[in-house]
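Student: Residue numbers (numbering that gives the first Met the number 0), protein chains in the order written: chain G, 0 to 276; chain Y, 0 to 416; chain S, 0 to 324. Every residue gets a Cβ at the ideal spot worked out from N, C-alpha and C, and that includes glycine.
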Amino acid sequence: MISDAFIPAVSSLGAVALALGLIIHYVSKRFHVEEDPTVKLVNSILPGVNCGACGFPSCNQFAEVLVETRNNAMTCPVGGPDLAVKLGETLGMAMAEPKAQTAVVLCQGKNDVARRSAQYLGIQDCWAATQAFAGPKQCRYSCIGLGSCIAWCDFGAMRLENGLIVIDKNLCTGCAACIPVCPTGVLVMQDKKAARYFIACNSHDRGAATKKACDAGCTACQKCVKVCEDNAIVIEDFLARIIQEKCTACGKCIEVCPTKVNCIRLERDLNAVKQAS
Amino acid sequence: MPLPAELSIPLSQHLGKPAKPVVRMNDEVKKGQLVGEADGFISANVHASTSGKVRAIRPHPHPGGQYAMTVFITPDGKDEWAEGLNSAPVDWKGMSKEEILKKIRDAGVVGMGGAGFPTNVKLSPPPDKKIDTIILNGAECEPFLTADHRLMVESPEAVVAGLEIMASLFPGTLKLAIGIEANKPDAIDALQQYAVPKKIEVLALKTKYPQGAEKQLINAITGRNVGEGELPFDRGCIVQNIGTAVAVYDAVCRNRPLIERVVTVSGMEIARQKNISARIGTSFSDIIAFCGGMSEKTNQVISGGPMMGKAIFSLDVPVVKTTSGILFINNSALGKSRERACIRCGRCVEVCPQGLAPWLLANVAQLRQLEKIQLLGLANCTECGSCTYVCPSGRELVHWIKYAKALVSSRKQRKSA
Amino acid sequence: MPSVNLNVSYAPFVRTKDSIESVMYNVALALAPATIMSVWLFGMRALLVTLVCILSCIGFEWLMDTIRKKPASCLDGSALVTGLLLALNVPSNLPFWMLIIGSFIAIAAAKHVFGGLGYNIFNPALVARVFLLISFPAAMTSWPVPFAVDMETAASPLGILKTDGVAAAMKSLDLVNGFYGTMNGSMGETSTLALLAGAGWLFYKRYITFHIPLTMLGSVFLFTAIFHLIDPAAYAPPLFHMVTGGLILGTFFMATDMVTSPLSVRGQLIFGLGCGLLTAIIRLWGGYPEGVSFAILIMNGFVPLIDSWDLNDRKAIHQKKSVTT
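So this is what it looks like as structure tokens:
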């Protein structure tokens with residue numbers, strides 16, 4: 000009785016499964032595409048995060064184009080110089096070294112420093128906030144502090160700290176995915192260096208207005224410009240800028256900066272420091 | 000209302016490029032004198048709304064939510080008109096078309112319903128578009144607002160004259176209509192007196208929201224459908240606001256530039272609700288003082304109507320040409336609200352005047368699928384706010400749609416750059 | 000001038016007073032007449048069943064929210080409605096442990112596995128009912144007799160129709176009694192009158208529209224009427240189908256469930272039609288005497304398809320317009 004019910008069911012399902020299995024086997028053999036093993040090899044060396052920093056949508060595509068064109072100018076900013084050497088070894092040619100870059104935040108407007116305007120109670124997203132008004136901080140050039148960029152970072156290098164985005168220099172790979180996401184443009188890319196100074200302010204307001212809105216704002220007071228011996232600081236549109244190539248990181252500017260929280264920031268690249276020591 | 004201690008006149012009170020400032024600090028200006036000159040085709044002139052001294056020109060909060068270059072004028076109290084302005088009414092029938100258009104342009108007249116599109120541009124459509132209908136929008140754009148209603152009741156002759164002036168710019172006989180919501184019989188009566196002898200139809204429309212939106216109004220009056228990506232003149236129509244018609248009349252017949260407008264001051268938290276004729280540049284705090292102050296329960300001040308207005312972030316923002324109302328409300332839903340899951344009740348689909356699926360647009364916007372959302376008719380959304388209003392889950396549907404629009408346009412800009 | 004805190008949010012600044020809670024609690028309120036009726040018909044046991052179902056549904060909702068680390072939604076009313084519907088869908092003598100299993104299936108397997116409120120494809124209460132029906136067919140089809148004191152059970156009119164034919168079924172039931180609800184059946188489905196009163200409230204509050212109920216009832220009526228006219232001896236009259244089984248309960252309270260029905264009007268018409276036809280087909284020729292639950296669940300599965308058809312169709316209209324102008 001039991002076998003009466005089971006045998007036809009099991010055998011018919013088994014037959015269907017067998018037939019389908021044979022078809023799959025045949026199709027996979029018949030339509031097999033030969034893949035260049037070098038592409039596979041290159042692909043295995045690449046970081047595999049598909050961040051798009053190289054200009055290709057995926058690591059695999061980067062590998063395919065690289066193997067096909069053998070263009071040694073192609074770089075993967077995420078992998079850095081180490082990866083370039085490895086890729087060169089694999090392909091038997093000298094690869095250009097990518098500039099190691101990192102994103103920096105041109106704002107220090109944490110909640111205790113930057114004055115707030117109105118309270119924002121809409122969708123908690125920077126772009127959504129800018130559609131409602133100029134931003135929850137009085138300074139309209141500031142980091143809005145709702146962290147839209149965090150979702151775009153594939154490497155977990157960004158976090159919010161007291162209303163300001165903070166970038167972990169160790170985790171940032173310089174893929175630049177976050178740059179276009181910021182509505183106020185406080186994120187920029189900079190070369191990774193052992194130590195460097197930059198003006199961590201984005202306010203193009205006049206000095207008085209900047210000072211009113213934020214304790215860490217650059218008021219374009221000219222003091223740093225005068226003290227800089229390398230002529231590395233210029234003032235453009237009410238905002239100082241340190242020309243990275245000229246800056247020798249002497250630190251004199253930071254001593255004269257009159258703002259309550261220095262608008263000039265010193266940052267040491269931790270990797271480089273580690274290597275040096 | 001009395002002359003405020005200071006007027007802050009933004010140079011961007013219209014759609015398009017901000018005006019170029021033509022005065023400098025410490026210049027003496029007269030009432031009605033040009034302070035900002037239209038910069039480019041889609042732009043508009045800006046004028047001083049009293050006589051006085053220019054104190055500064057710098058960025059200042061704008062009721063649109065952003066900062067804009069603003070001319071600050073300290074009044075001298077004399078309120079003197081500049082030469083040749085504010086003349087006795089003249090007959091417009093002798094003027095040429097070019098003359099009328101130039102006068103409208105010089106006076107800086109813009110659409111006063113909300114968008115602020117320069118009127119002279121709207122009145123000179125591409126020559127291949129044949130205009131056969133001009134509609135005046137007397138269907139108040141939003142609930143609470145009564146500014147247009149008061150204008151229709153108090154100066155119907157100016158409204159009708161303004162419409163006639165606009166009609167004279169086009170060849171042939173045009174269908175002229177004034178659409179008014181049926182709940183304003185006094186306005187219909189007042190206008191009928193002047194309009195009927197001039198062969199202008201005064202139509203009572205069903206009272207609903209959004210009746211005052213351009214596309215809905217054209218559909219209600221002519222039965223035509225303005226499709227995706229089309230402008231009213233593609234369908235032979237021009238829609239103008241009541242306030243704009245009066246401004247056109249003032250500009251053409253009385254040589255008065257657009258320097259004041261009717262503003263509805265309303266909401267539960269203001270002492271005296273009323274319609275006031277305010278100078279452009281009067282700050283909201285001056286208006287609050289004039290209307291008896293707002294209560295401590297106020298937690299939102301809104302420029303515009305409750306459905307499409309903007310919550311302002313500073314009381315220093317001035318009245319601009321497009322400020323149709325100021326609302327003082329105690330929004331109890333604030334802070335408590337959180338967006339919850341869509342329960343697919345379908346109300347947003349039901350109410351959407353454009354036949355979109357707002358719930359889906361918002362979902363796709365949240366996922367940032369910008370290609371897909373454009374296929375769903377993102378550009379068709381007029382942001383009327385009906386969907387957010389009815390959503391039982393409290394989803395910010397319009398805000399998400401606006402968010403997607405912002406991302407799409409910023410991506411386009413980056414591509415073209 | 001008093002200094003005020005200005006708050007910025009996005010327009011519109013006025014919102015409807017409706018919320019998920021108000022929708023759900025109104026549905027629960029609309030089910031109250033049927034619940035009271037079931038207590039009157041089947042005694043205190045019915046009340047206990049209702050309480051067990053509601054409490055276990057709310058409990059499982061809380062459990063799933065906690066496991067999934069979601070904000071607590073156990074009191075938003077949706078679990079209450081699911082529990083209530085489940086209770087009204089089972090016989091009043093069902094053992095409590097079966098009710099708890101049913102609640103678990105409804106909340107965990109039919110709702111939270113798909114993503115919680117708003118994301119479920121199938122109506123949770125119906126999934127639970129069908130699960131119980133398939134797993135415990137005997138317990139789920141021995142219906143208590145109304146006003147019985149000794150837990151007397153009997154087949155439902157539809158069951159008699161299936162096994163003994165039209166004549167026996169018609170003899171077992173006076174249609175007027177069927178309308179008032181004094182017949183054998185699951186707790187909530189017997190009283191057409193009480194259910195219609197509840198549905199009237201939902202229509203009044205505009206939580207449901209007439210599209211789905213009208214097409215669903217209409218198609219069942221027409222379909223059964225045609226076959227009754229062809230052969231009155233083999234097919235029961237349409238009014239018999241109207242008042243028996245879970246048709247009214249299913250039509251007004253489960254087919255119209257917002258989450259699992261189509262969004263557009265024409266989609267709803269198709270959905271109602273499909274539910275009605277499937278119900279009639281299962282009742283006339285299916286293996287089970289009752290087909291409402293299966294019909295609604297099958298059509299639930301088609302809802303995404305109907306919705307995407309509607310959307311693409313609209314898009315095509317938009318595009319055609321812009322091409323022709």
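Closest by CA to G384 (chain Y), which one among Y:Q210, Y:G324, Y:A246, Y:K296?
Tutor: Of Y:Q210, Y:G324, Y:A246, Y:K296, the residue nearest in Cα terms is Y:Q210.
Student: Could you tell me whether the region 119 to 135 of chain G touches the region 69 to 76 of chain G, using the rule of 3 or more Cβ pairs below 8 Å?
Tutor: Contact fails: fewer than three Cβ-Cβ distances are below 8 Å.
Student: Comparing C-alpha positions only, which one of S:C56, S:G245, S:S263, S:L30 sits nearest to G275 (chain S)?
Tutor: Ranking the options by Cα distance to G275 (chain S), first place goes to S:G245.
Student: Can you name the residues of chain Y whose CB is closer than 7 Å to the CB of R313 (chain S)?
Tutor: Under the 7 Å cutoff, chain Y gives G354.
Student: Anything in chain S within Cβ reach of Q365 (chain Y), meaning under 7 Å, just list it in chain order.
Tutor: Simply none; closest approach about 14 Å.
Student: Is the beta carbon of C52 (chain S) sitting closer than 7 Å to the one on A78 (chain S)?
Tutor: Contact: no.
Student: S8 (chain S) touches chain G at which residues, Cβ-Cβ below 8 Å?
Tutor: Simply Y119, L120, G121, A131.
Student: Hey, I177 (chain Y) and A186 (chain Y): beta-carbon distance below 7 Å or not?
Tutor: Their beta carbons are not under 7 Å apart, which means I177 (chain Y) does not touch A186 (chain Y) by this criterion.
Student: Answer yes or no: do Y140 (chain G) and S43 (chain G) have a C-beta to C-beta separation smaller than 7 Å?
Tutor: No. Outside cutoff.
Student: So is K424 (chain Y) in contact with chain G if we call contact Cβ pairs under 7 Å?
Tutor: The question about residue 424 (chain Y) has no answer, for chain Y in this structure spans 0 to 416.
Student: How would you call Q100 (chain G), buried or exposed, if buried means at least 16 neighbouring beta carbons within 10 angstroms?
Tutor: Buried, by the Cβ-count rule.
Student: Using a C-beta to C-beta distance shorter than 7 Å, which residues of chain Y count as neighbours of I19 (chain S)?
Tutor: Those within 7 Å of I19 (chain S) in chain Y are R339, I342, P391, S392.
Student: Mapping the DSSP letters down to three states, classify D190 (chain G) as helix, strand or coil.
Tutor: It is a strand residue.
Student: Less than 7 Å separating the beta-carbons of P231 (chain S) and Y388 (chain Y)?
Tutor: In this structure, Y388 (chain Y) does not lie closer than 7 Å to P231 (chain S) by Cβ.
Student: Kindly identify the DSSP beta-bridge partner or partners of A153 (chain S).
Tutor: DSSP lists S:W142 as partners of A153 (chain S).
Student: Compare the C-beta of Y208 (chain Y) against all C-beta atoms of chain G and say whether one is closer than 7 Å.
Tutor: Taking Cβ atoms only, chain G never reaches closer than 7 Å to Y208 (chain Y), which makes this a no.
Student: Which of the residues in the region 52 to 63 of chain G, read from start to end, lie with their CB under 9 Å from any CB of chain Y?
Tutor: So nothing in the stretch comes that close.
Student: List, in order along the chain, the chain S residues whose C-beta lies closer than 7 Å to that of F289 (chain Y)?
Tutor: Those within 7 Å of F289 (chain Y) in chain S number zero; the least Cβ separation is about 11 Å.
Student: If contacts are defined as beta-carbon pairs under 8 Å, then L160 (chain S) and V242 (chain S) qualify, I think. What distance do you get, rounded to the angstrom?
Tutor: Wrong, their Cβ atoms sit about 12 Å apart, outside the cutoff.
Student: Please identify, using Cβ separations under 8 Å, the residues of the region 124 to 151 of chain G that lie next to chain Y, in order along the chain.
Tutor: Residues passing the 8 Å Cβ filter: D124, W126, A127, T129, Q130, A131, F132, A133, R139.
Student: At the level of alpha carbons, what is the spacing between G367 (chain Y) and A403 (chain Y)?
Tutor: Here the sequence assigns Arg to residue 367 (chain Y), which means Gly is not the residue at that position. C-alpha separation (whole angstroms): 7 Å.
Student: So if DSSP puts H46 (chain Y) in a beta bridge, which residue, or which two residues, is it bridged to?
Tutor: H46 (chain Y) is bridged to Y:L33.
Student: Quick check on V238 (chain Y): buried or exposed, where buried means 16 or more other Cβ atoms within 10 Å of its Cβ?
Tutor: Classification of V238 (chain Y): buried, given that the 10 Å Cβ count is 16 or more.
Student: Using the C-alpha atoms, what's the distance from S263 (chain S) back to G271 (chain S)?
Tutor: So the alpha carbons of these two residues sit roughly 12 Å apart.
Student: What did DSSP end up calling V272 (chain G) once you bin it into helix, strand or coil?
Tutor: Residue confidence is low: V272 (chain G) scores 46 on pLDDT, short of 50, so the model does not pin down where it sits. Its coordinate-derived value is still stated next. Reduced to three states, the DSSP call for V272 (chain G) is helix.
Student: The beta strand (DSSP E) that contains T73 (chain Y), what's its start and end?
Tutor: Counting along the chain, the beta strand (DSSP E) containing T73 (chain Y) begins and ends at 66 to 74.
Student: Taking 7 Å as the CB-CB limit, is E395 (chain Y) close to chain G?
Tutor: Closer than 7 Å to some Cβ of chain G, the Cβ of E395 (chain Y) qualifies, so yes.
Student: In whole angstroms, give me the CA-to-CA distance for E160 (chain G) and D111 (chain G).
Tutor: Taking the straight line joining both Cα atoms gives about 11 Å.
Student: Taking the alpha-carbon positions, what's the L90 (chain G) to C171 (chain G) distance?
Tutor: Distance between the alpha carbons of L90 (chain G) and C171 (chain G) is about 27 Å.
Student: Please list the segments of the beta strand (DSSP E) lying wholly inside the region 199 to 255 of chain G, counting only runs of 3 or more residues, in order along the chain.
Tutor: Runs found: 232 to 235, 238 to 241.
Student: Cα separation between A235 (chain S) and N176 (chain S)?
Tutor: Computed Cα separation, rounded: 17 Å.
Student: Leaving out the 5 sequence neighbours to the left and right, which residues in its chain are closer than 8 Å to A270 (chain Y) when beta-carbon positions are compared?
Tutor: Once the five neighbours on either side are set aside, the close Cβ partners of A270 (chain Y) are C290, G291, G292, M293, S294.
Student: Pick helix, strand or coil for Y9 (chain S), following the three-state DSSP scheme.
Tutor: Reduced to three states, the DSSP call for Y9 (chain S) is coil.
Student: Name, please, each residue of chain Y whose Cβ falls closer than 9 Å to the Cβ of P179 (chain G).
Tutor: Those are S409, R410, R413, listed as they occur along chain Y.
Student: Assuming P20 (chain Y) contacts G31 (chain Y) under a Cβ cut-off of 8 Å, what Cβ separation, rounded to an integer in Å, is found between them?
Tutor: Actually they do not touch by this definition, with Cβ atoms about 16 Å apart.
Student: Can you tell me which of S:L62, S:S18, S:H111, S:M23 puts its alpha carbon nearest to the alpha carbon of T255 (chain S)?
Tutor: If we check each option's Cα against that of T255 (chain S), S:M23 comes out closest.
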